[in-house]
DNA sequence: GGGCTAGCCTAACGATCGTTAGTTAGGCAA
DNA sequence: TTGCCTAACTAACGATCGTTAGGCTAGCCC
């Protein structure tokens, strides 16, 4: 049981890596198996289908983003209640943290959800919208209290999340910028983008 | 000859559409043919291979970005010589303009170049780096003359381009925001992100 | 009217796809 | 020792993949 769970995770991790740089459709079951030095058919002892693997990665990553955002908003509220800037900075930091903690899975989450079947794709889309709404709400709060200035909060939200997700395209855990530094910079850039001058 | 060219372009346009929302690997030759009410094998009168179609889309879009940037920098230099803010705003506007002029092709350019063979992928990567360097250079200029303030111009460049490219994920020619309005907003957001306060 | 050509057709190729079935080898518990 | 369980194996299935070969048809130019 325990062994099966870890083996399953091993498969998902290898699949995350491959899905991230060849895409879901561009990666075959046999590709994943080869990376584990195993025959393609052997994976079906641990997995019920290829889409099932994708779903595990995507759903798990979605949950991580949601949980991190929960904690970030609670923390911000505890530190500076009602401060939209603090709340948004906290959300940005949480997002970058999940992104950098597992770039492969995050990259798959960001790009490969389109390959899911209709119901699962719809579920992820709904959760994605709800997640994005958390950012937008904080931005609107900031506009309401005069801390932020912009004419289109919805577009600002999309723009910010695009720039954050862009990190998944180039982040390298062994690269020049450590994750914490990246988060600092993005909080700074985001803040200056929104701030009333 | 002329007819062949337009038919060829028709194929590329349909392929852009499909590649954009199923990915290159997730789209078959027969899918493209079906969208044209034609048999799969019939496409090979107009096309030498599937990758050839992808390459046409990607290379053409790359050229459009490059040409637009050329003109943008020339215009900015004519209007306000040596002004980094003007130059960058002009580049942003040009980028958004190419992006919105053909969202399908732009989306394919942004995401599907990974599916190209090694040499073509390398070429696109090089051109992409050169393009990104144009933005970075303007940002560095701005920092040098004190118009911009930031600690990491390279990261700011990546962030800006990610946020611009994000437009390809949601832009709809028939949607609420016209392309010109989007460009205005993005110039505004970008400007405020970089500006020395 | 005869030939050229553009555009599509049907049929098929070998390869690879996701997946199923049935089997085997090794370790642990009774 | 017996028997189960995990994790792998080989072999094969039907479907689909990109691509090739060869032939048909409709319109235009001489």
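Residue numbers (the working numbering), protein chains in the order written: chain A, 1 to 197; chain B, 1001 to 1197. Even glycine gets a Cβ: it sits at the ideal position worked out from N, Cα and C.
Inter-residue Cα distance where the pair is residue i and residue j
| i | j | result |
| --- | --- | --- |
| residue 111/A | residue 1025/B | 14 Å |
| residue 58/A | residue 103/A | 12 Å |
| residue 11/A | residue 151/A | 46 Å |
| residue 53/A | residue 47/A | 7 Å |
| residue 16/A | residue 80/A | 37 Å |
| residue 1141/B | residue 1156/B | 13 Å |
| residue 1039/B | residue 1115/B | 24 Å |
| residue 958/B | residue 1182/B | Given a span of 1001 to 1197 for chain B in the structure shown, any question on residue 958/B remains unanswerable. |
| residue 177/A | residue 1045/B | 50 Å |
| residue 2/A | residue 98/A | Because residue 2/A carries a pLDDT of 32, less than 50, the predicted location of this residue cannot be relied on, and the following value inherits that uncertainty. Approximately 25 Å, taken between the alpha carbons. |
| residue 172/A | residue 20/A | 13 Å |
| residue 1075/B | residue 73/A | 45 Å |
| residue 129/A | residue 69/A | 14 Å |
| residue 1179/B | residue 100/A | 33 Å |
| residue 1146/B | residue 1062/B | 32 Å |
| residue 1018/B | residue 1008/B | 16 Å |
| residue 1096/B | residue 1165/B | 8 Å |
| residue 1108/B | residue 1121/B | 13 Å |
| residue 35/A | residue 49/A | 17 Å |
| residue 4/A | residue 117/A | In this prediction, residue 4/A scores a pLDDT of 34, lower than 50, which makes its location untrustworthy; no coordinate-derived value is stated. |
| residue 41/A | residue 13/A | 18 Å |
| residue 1124/B | residue 86/A | 40 Å |
| residue 196/A | residue 137/A | 17 Å |
| residue 160/A | residue 71/A | 20 Å |
| residue 1031/B | residue 1051/B | 15 Å |
| residue 1094/B | residue 1187/B | 10 Å |
| residue 1193/B | residue 22/A | 33 Å |
| residue 168/A | residue 82/A | 31 Å |
| residue 133/A | residue 1006/B | 43 Å |
| residue 1163/B | residue 1185/B | 12 Å |
| residue 105/A | residue 153/A | 29 Å |
| residue 1149/B | residue 1090/B | 19 Å |
| residue 1119/B | residue 1029/B | 22 Å |
| residue 60/A | residue 43/A | 20 Å |
| residue 1135/B | residue 84/A | 31 Å |
| residue 139/A | residue 127/A | 19 Å |
Per-residue contacts from residue i into chain A (C-beta, under 7 Å)
| i | result |
| --- | --- |
| residue 1025/B | 23, 25, 26 |
Partner residues on chain B for residue i, Cβ-Cβ distance less than 7 Å
| i | result |
| --- | --- |
| residue 170/A | 1158 |
| residue 95/A | Under the 7 Å cutoff, chain B gives no residues; its nearest Cβ is about 13 Å from residue 95/A. |
| residue 189/A | 1156, 1159, 1193 |
| residue 152/A | 1185 |
| residue 88/A | Correct list: empty, because the minimum Cβ distance to chain B is about 14 Å. |
| residue 54/A | Within 7 Å Cβ-Cβ: nothing; residue 54/A doesn't reach chain B, min ~12 Å. |
Neighbouring residues, chain B, relative to residue i (Cβ below 9 Å)
| i | result |
| --- | --- |
| residue 115/A | 1022, 1023, 1026 |
| residue 46/A | Result: empty, since nearest Cβ-Cβ is about 24 Å, beyond 9 Å. |
Rounded distance between the beta-carbons of residue j and residue i, thought under 8 Å
| i | j | result |
| --- | --- | --- |
| residue 158/A | residue 1170/B | 6 Å |
| residue 1066/B | residue 1131/B | 7 Å |
| residue 190/A | residue 92/A | 5 Å |
Interface partners of residue i on chain B, CB under 8 Å
| i | result |
| --- | --- |
| residue 166/A | 1158, 1159, 1161, 1162, 1163, 1165, 1166 |
| residue 18/A | Here the premise fails: no neighbours, minimum Cβ distance about 12 Å. |
| residue 91/A | In chain order: nothing, as chain B lies at least about 16 Å away. |
Bridge partners - residue i, DSSP secondary structure assignment
| i | result |
| --- | --- |
| residue 1148/B | 1195/B |
Beta-carbon neighbours of residue i, restricted to chain A and to distances below 8 Å
| i | result |
| --- | --- |
| residue 1197/B | 192, 197 |
| residue 1125/B | Within chain A, no residue comes near residue 1125/B; the closest Cβ sits about 12 Å away, beyond 8 Å. |
| residue 1036/B | Residues of chain A passing the Cβ test: none, with the nearest at roughly 21 Å. |
| residue 1043/B | The contacting residues do not exist; residue 1043/B stays about 19 Å from chain A at best. |
Neighbour list for residue i in chain A, Cβ cutoff strictly below 9 Å
| i | result |
| --- | --- |
| residue 1099/B | Under the 9 Å cutoff, chain A gives no residues; its nearest Cβ is about 12 Å from residue 1099/B. |
Cβ-heavy atom distance, residue i to the ligand MG, below 7 Å
| i | result |
| --- | --- |
| residue 1009/B | Annotation note on the ligand MG: not contained in the displayed structure, which lists no ligands. |
Contiguous alpha helix (DSSP H) assignments of at least 4 residues, all confined to the segment 50 to 95 of chain A
As summarised for the segment 50 to 95 of chain A, the continuous alpha helix (DSSP H) elements at least 4 residues long and confined to that stretch are 50 to 79, given in chain order.
*Entirely within the segment 1169 to 1196 of chain B and at least 4 residues each: give me those alpha helix (DSSP H) ranges in chain order.*
For the segment 1169 to 1196 of chain B, whole alpha helix (DSSP H) runs of length 4 or above, ordered along the chain, are 1179 to 1194.
As an exercise, report each continuous alpha helix (DSSP H) stretch of at least 4 residues that is fully enclosed by the segment 101 to 136 of chain A, in chain order.
As far as the segment 101 to 136 of chain A is concerned, its whole alpha helix (DSSP H) runs of at least 4 residues are 103 to 111.
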